[in-house]
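Protein chains in written order, with the numbering used here: chain B, -8 to 392; chain F, 269 to 366.
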């Protein structure tokens, strides 16, 4: 019998929601790290009991937490779980994210574009997204603000920047979106261990084919009328990118405005917004077994971050885009004004694909029938920042969400 | 022994009560007290001062003996009553909502 474990990051703590394969009765654990902003919690595909969490606070900065038992207990990597460390020099470097400025490994980028167009120094603020390796529980990638990609190969104890990304040369043209200049999407290609896709608001999407040494902007076909050159190589506010592991060359993107797809690993993009009521939004995800079935949650506009017409609707396309149907059964269809943030949707890999998303109003909705109907797992959490799901089969995970 | 009072979230992180007691070698300053605190409780590294710049986090303050020491140089001696253990060094979160 399979189980699912939903990992929820909120403005004031993390929650773990578990159910059996029917996904009807849920157990709620939390808040973990009560009072802290939990931007992201994600499990290792190689070891489902290994979880990583990004914990941050405007007062106390960034912390990384790790669980080795599926979220029952947590510790900061490098700090022994459940006991105080032996006296001695501090070993707590799991929250030390230092930009690489060495001439050998990273071109010393010192500035990026600020909101007003002036150049601004790079300053670390927080970790937005943690992406565990597909094969090694101790290897994990972190997407951070100000935008950069870090990697740990020792279970999160130490982090090194993959500085070729910032060293690409376009850094001075990157600029923050409304939420900050964040690297929020990291996709590891299951068919090619050297290929990684990332996305940054507001720089765009990038791809490496050599394990992170060098990077290529993959934004051809994007059109953003809010930047001086709407078809520029970089500067696009990409909100999220999703991939079905069964077809790693096909990518789906929710841009600031516009829903896009690429059939050539990002070399070019085509718009697939079709009949959506608005093509602004944050989340996008792909059905676990049907690579042409995709989900978005349209948001009214970039100045009105809530669903249009007071109706919470997931839109599903079974044709890879352009033709969309609203999914409303079980979702509020009046007086609803929530947002769904970019990392707040995930899918499980059970035979009947489950789809999950969390809202700024603290609801986490689940569908056990690929979106046909929905029910809230919880209704009153703090504002949801991220949702991930693990499909656990006989104590093993088969899909990281 | 030096007494340090931590804000609630840092007590939870360090798994301690409201006050911790530290042995500090040499001159008792903000820097030496924080060095001793982080050596004893490495999970606090980076939470009170930046790991790289060693600058106090902007939303934290240091109080002792009814004085705001936040803007004193990190190597300035702390008040005698803190050095003697009669008064604690208080690490306080700024009141900024949230």
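Note that beta-carbon positions come from the ideal geometry of N, C-alpha and C, so glycine has one too.
Closest by CA to residue i, which one among the options?
| i | options | result |
| --- | --- | --- |
| residue 402 of chain B | B:269, B:288 and B:23 | Only positions -8 to 392 of chain B appear in this structure, which leaves residue 402 of chain B out of reach. |
| residue 343 of chain B | B:364, B:329, B:328 and B:353 | B:364 |
| residue 288 of chain F | F:276, F:270 and F:298 | F:270 |
| residue 463 of chain B | B:357, B:168, B:3 and B:85 | Given that chain B is displayed from residue -8 to residue 392, the structure contains no residue 463 of chain B and the question cannot be resolved. |
| residue 120 of chain B | B:161, B:174 and B:163 | B:174 |
| residue 324 of chain F | F:332, F:313, F:276 and F:334 | F:313 |
| residue 132 of chain B | B:51, B:35, B:170 and B:224 | B:35 |
| residue 56 of chain B | B:-4, B:-3 and B:118 | B:118 |
| residue 357 of chain F | F:343, F:294, F:334 and F:363 | F:334 |
| residue 4 of chain B | B:68, B:146 and B:372 | B:372 |
| residue 241 of chain B | B:230, B:223 and B:182 | B:182 |
| residue 87 of chain B | F:354, F:326, F:339 and F:315 | F:315 |
| residue 285 of chain F | F:275, F:292, F:301 and F:291 | F:275 |
| residue 256 of chain B | B:290, B:223, B:52 and B:210 | B:210 |
| residue 213 of chain B | B:204, B:179, B:180 and B:250 | B:250 |
| residue 332 of chain F | F:359, F:293, F:299 and F:317 | F:359 |
| residue 140 of chain B | B:202, B:278, B:92 and B:153 | B:153 |
| residue 157 of chain B | B:109, B:170, B:93 and B:145 | B:93 |
| residue 301 of chain B | B:332, B:326 and B:265 | B:326 |
| residue 346 of chain B | B:145, B:277, B:10 and B:309 | B:277 |
Mind reading off the beta-carbon distance from residue i to residue j? Whole number of angstroms is fine, and I expect it under 8 Å.
| i | j | result |
| --- | --- | --- |
| residue 130 of chain B | residue 142 of chain B | 7 Å |
| residue 397 of chain B | residue 285 of chain B | The first residue shown for chain B is -8 and the last is 392, placing residue 397 of chain B beyond what the model contains. |
| residue 329 of chain B | residue 298 of chain B | 6 Å |
| residue 260 of chain B | residue 244 of chain B | 7 Å |
| residue 354 of chain B | residue 369 of chain B | 7 Å |
| residue 269 of chain B | residue 292 of chain B | 7 Å |
| residue 123 of chain B | residue 63 of chain B | That belief does not hold up - the Cβ atoms of residue 123 of chain B and residue 63 of chain B are roughly 18 Å apart, past 8 Å. |
| residue 54 of chain B | residue -2 of chain B | That pair is no contact at about 17 Å. |
| residue 271 of chain B | residue 287 of chain B | That belief does not hold up - the Cβ atoms of residue 271 of chain B and residue 287 of chain B are roughly 10 Å apart, past 8 Å. |
| residue 230 of chain B | residue 333 of chain B | 5 Å |
| residue 318 of chain F | residue 329 of chain F | The pair is not a contact, with the Cβ atoms about 16 Å apart (cut-off 8 Å). |
Less than 6 Å between C-beta atoms, sequence neighbours within five positions excluded: which residues of the same chain meet that for residue i?
| i | result |
| --- | --- |
| residue 215 of chain B | 221 and 227 |
| residue 61 of chain B | 40 |
| residue 351 of chain B | 329, 330 and 374 |
| residue 197 of chain B | 189, 206 and 208 |
| residue 323 of chain B | 303 |
| residue 309 of chain F | 282 |
Is residue i close to chain B? Criterion is C-beta to C-beta, closer than 9 Å.
| i | result |
| --- | --- |
| residue 289 of chain F | no |
| residue 279 of chain F | no |
| residue 348 of chain F | no |
| residue 316 of chain F | yes |
| residue 320 of chain F | yes |
| residue 345 of chain F | no |
| residue 366 of chain F | Low local confidence applies: a pLDDT of 49 at residue 366 of chain F is under 50, so the model's placement there is unreliable, and no value is given. |
| residue 327 of chain F | yes |
| residue 354 of chain F | no |
| residue 310 of chain F | yes |
| residue 332 of chain F | no |
By Cβ distance below 8 Å, which residues in the same chain neighbour residue i in space, the five residues on each side in sequence not counted?
| i | result |
| --- | --- |
| residue 172 of chain B | 103, 136, 137, 138, 165, 166, 191, 192, 193 and 194 |
| residue 13 of chain B | 359 |
| residue 335 of chain B | 273, 274, 348, 349, 350, 375, 376, 377 and 378 |
| residue 296 of chain F | 270, 345, 346, 350 and 351 |
| residue 105 of chain B | 111, 166 and 167 |
| residue 355 of chain F | 271, 332, 333, 347 and 349 |
| residue 37 of chain B | 123, 124, 125, 126, 127 and 128 |
Using C-beta distances below 7 Å, list every residue in its chain close to residue i, excluding the 5 sequence neighbours before and after it, in chain order.
| i | result |
| --- | --- |
| residue 238 of chain B | 282 |
| residue 162 of chain B | 100 and 103 |
| residue 112 of chain B | 101 and 102 |
| residue 387 of chain B | Here residue 387 of chain B scores only 46 on pLDDT, less than 50, and its place in the model should not be relied on; the value that follows carries that caveat. Correct list, in chain order: 39. |
| residue 292 of chain F | 270, 300, 301 and 304 |
| residue 21 of chain B | 4, 5, 6 and 7 |
Under 9 Å, Cβ to Cβ, is there at least one residue of chain F near residue i?
| i | result |
| --- | --- |
| residue 84 of chain B | yes |
| residue 170 of chain B | no |
| residue 26 of chain B | yes |
| residue 89 of chain B | yes |
| residue 113 of chain B | no |
| residue 51 of chain B | yes |
| residue 70 of chain B | yes |
| residue 48 of chain B | yes |
| residue 67 of chain B | yes |
| residue 42 of chain B | no |
| residue 376 of chain B | no |
| residue 125 of chain B | no |
| residue 318 of chain B | no |
| residue 303 of chain B | no |
| residue 54 of chain B | yes |
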